[in-house]
Amino acid sequence: MGSALGAGVLALTFLTLAAPTVMDALPLAVRFLMTFVPAAIWVWRQLPAHAPHVHWGWANHVTAGRGCVLLIWLVWGWEQPVLGWESVALGTAFLLADGLDGTIARRQGTASPFGARFDLEVDALFVLVAGLLLLRTGQVGAWVLISGL
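All residue numbers for the sequence shown refer to the working numbering, where the first residue is 2 and numbers rise by one.
Written out as structure tokens, the structure is:
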């Protein structure tokens, strides 16, 4: 994981475990920025690995869209006492789109080390977000977060 993204994820994880009342007190916009900014910094720092491609490419758009679904799921899901069908729908949409980005990149000839790493990090973030939300509802213990780090 990139250092900026890793630091952001660890900070969010720490706040979740050590001070859930602090997270509850933060405005929704602040919580969204706490998740979005580290991810945006990581993407920006990794862009040189996208060379020699000049354009961002549709595959990276799909991966970025999947990342946005995760951020929305995290910020929205944090407010929910129980994860219901909405969480199942968001998680299913995320997983269904997982195979699209690689297929698109190969068909368009825009596959890159950046795209592969971007996809991998977004997948790991999915596991972490799912774990955080399940931890928040009390359905699992903190051990579940290890799989997403």
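Quick reminder that beta carbons are idealized off the backbone N, C-alpha and C, glycines included.
Item, Value
"Cβ shell of M2 (< 6 Å), same chain only, five flanking positions each side left out", "Because M2 carries a pLDDT of 49, less than 50, the predicted location of this residue cannot be relied on, and no value is offered for it."
"Neighbourhood of V130 by C-beta distance below 7 Å, restricted to the same chain and skipping five residues each side", "L71, W74, L75"
"Expected contact under 8 Å - CB spacing of G139 and A60 to nearest Å", "No, G139 and A60 are not in contact; Cβ-Cβ is about 38 Å, not under 8 Å."
"Reduced DSSP secondary structure (H/G/I, E/B, other) of H56", "coil"
"Neighbourhood of I105 by C-beta distance below 7 Å, restricted to the same chain and skipping five residues each side", "W59, A60, V63"
"Alpha helix (DSSP H) segment containing W86, residue limits", "86-109"
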